[in-house]
Amino acid sequence: MISVGWVGRLFDARDSFARMLLLDLAGLGYLIFTPLGGDGPVATQWTLAVIAFSLGLLLHRRPVVNLVAQTALLAVAIRLLDDITINQVGASWALLELTMRAGSTRTIWLAVTGLAAVALTDSIGEPLPRFFAGVVGLLLEVGVPLLLGLVVRTTRELATQAQQRAAEEQRRRESEDRAARADERSAIARELHDVVAHHVASMVLRVGVARHVLTDLDPRVGAVFDDVHGTGTAALADLRRLVAVLRDPEAVRGDAALTAIEPSALPAALGAAVDRARQAGITVQADIDPAIGAIDAVRGLAVLRLTQEALTNVAKHAGAAAVARLTVRVVEGAVHWEVVDDGPGRVPAGLPDGGGHGIAGMRERVAVLGGRLAAGPVEQPGRGWRVRTVLPAATGGVS
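Numbering (this note's numbering), first residue to last: 55 to 453.
Below, the structure written as structure tokens:
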């Protein structure tokens with residue numbers, strides 16, 4: 055595999071100019087340093103070599119034309135020169151380049167036939183030993199570049215086929231993964247609809263019946279019934295939206311369109327979340343920027359869900375006597391959100407590092423919007439727990 059990759063890089067089609075330049079430099083060195091001790095190449099040999107060098111560089115992207123030109127120069131050199139090495143190498147290299155890059159095998163075999171016919175003219179009419187020597191030389195002049203070119207060509211084709219098979223396999227796996235996720239979403243949607251939603255609807259219905267049947271209730275009990283009924287109704291609406299997202303996420307652009315909140319309703323929703331926490335016995339100090347009602351719907355929903363989860367965690371882990379402070383600010387389009395309490399200031403027993411599933415879900419929700427959630431004990435005065443994040447300014451999406 056290493057050698058194939060090395061050959062592929064050496065004979066890359068994009069590097070034809072560099073290969074031709076190196077070949078020309080090698081030929082120039084041959085002309086300068088051979089024959090050793092002689093008078094050097096004659097003017098005709100220099101002339102044909104310079105023409106071959108120049109055409110090789112100029113036509114490096116046109117292998118067919120270059121081969122025709124180099125073959126013609128070889129034919130002239132056979133008639134005029136005793137040492138035709140430069141033009142033989144030029145024609146052989148042109149055949150190699152054409153073999154690697156030709157669009158069809160027919161072009162390759164026509165080129166081989168033409169070059170072989172020209173090369174054999176140097177041996178026609180010669181004595182039999184010299185003729186056979188010319189045939190052996192032809193194998194080197196035509197056979198070696200043809201073989202090497204076919205090896206490189208085949209290597210490229212095999213590499214391309216391997217890449218195509220890998221891409222097809224990747225697409226197949228992705229398709230299977232999508233199908234598996236769709237099946238899992240459908241199963242979850244059925245469970246939510248058939249089990250969870252059914253029980254929640256039954257609870258809401260029973261609370262509604264109790265509100266109408268028990269007419270002489272204490273106003274405080276009635277308020278509790280109203281709150282339970284409203285919470286259950288909202289939960290049913292959320293379940294219906296979630297089931298719709300699970301069944302057809304593409305139709306709702308990811309889940310943002312069906313799991314968003316109207317921006318103008320966000321301050322009231324945050325106020326309701328705070329009131330619910332207070333009803334659970336927590337003292338909540340809320341500092342909510344009125345500008346929060348102007349942010350986009352997706353980030354608005356995130357702020358609401360973060361607030362609900364954080365205040366629920368305060369009630370569960372810090373105790374009913376805890377004091378929590380909610381701060382929501384909008385600074386240059388970014389939402390700065392924080393909930394801090396004065397509870398024990400430690401991770402409750404039984405929870406993994408970084409919090410439980412609630413904290414993990416909060417982190418995932420914040421990460422989707424480009425933010426990062428920080429959760430941990432308050433350093434000063436040494437008691438309490440802080441959860442905070444910054445949701446970057448929206449750059450687009452549902453609003």
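Note that the Cβ used here is the ideal one computed from N, Cα and C, for glycine as well.
Beta-carbon proximity check, residue i vs residue j, cutoff 8 Å
i           : j           : result
residue 131 : residue 102 : yes
residue 263 : residue 282 : no
residue 145 : residue 125 : yes
residue 81  : residue 143 : yes
residue 397 : residue 368 : yes
residue 196 : residue 166 : yes
residue 149 : residue 199 : yes
residue 75  : residue 111 : yes
Alpha-carbon to alpha-carbon, residue j and residue i
i           : j           : result
residue 433 : residue 393 : 14 Å
residue 343 : residue 237 : 43 Å
residue 135 : residue 204 : 31 Å
residue 416 : residue 332 : 22 Å
residue 147 : residue 141 : 10 Å
residue 267 : residue 321 : 34 Å
residue 362 : residue 234 : 32 Å
Spatially closest choice to residue i from the options, by CA coordinates
i           : options            : result
residue 419 : 429, 364, 356      : 356
residue 154 : 137, 421, 135, 116 : 116
residue 70  : 216, 98, 120, 87   : 120
residue 429 : 422, 444, 423      : 444
residue 384 : 350, 200, 258      : 350
residue 345 : 156, 382, 240      : 382
residue 431 : 423, 372, 391, 143 : 372
residue 337 : 118, 365, 412      : 365
residue 341 : 390, 294, 316      : 390
residue 328 : 376, 380, 170, 279 : 380
residue 388 : 354, 377, 105      : 354
residue 446 : 88, 423, 293       : 423
Assigned secondary structure, residue i (DSSP; H/G/I helix, E/B strand, else coil)
i           : result
residue 361 : helix
residue 232 : helix
residue 150 : helix
residue 337 : strand
residue 378 : strand
residue 106 : helix
residue 86  : helix
residue 226 : helix
residue 96  : coil
residue 349 : coil
residue 138 : coil
Host beta strand (DSSP E) of residue i (start-end)
i           : result
residue 390 : 388-395
residue 251 : Element bounds for residue 251: not the beta strand (DSSP E) but the alpha helix (DSSP H), 251-267.
residue 444 : 439-445
Residue i - containing alpha helix (DSSP H), residue span
i           : result
residue 122 : 117-134
residue 429 : Element bounds for residue 429: not the alpha helix (DSSP H) but the beta strand (DSSP E), 428-431.
residue 169 : 159-174
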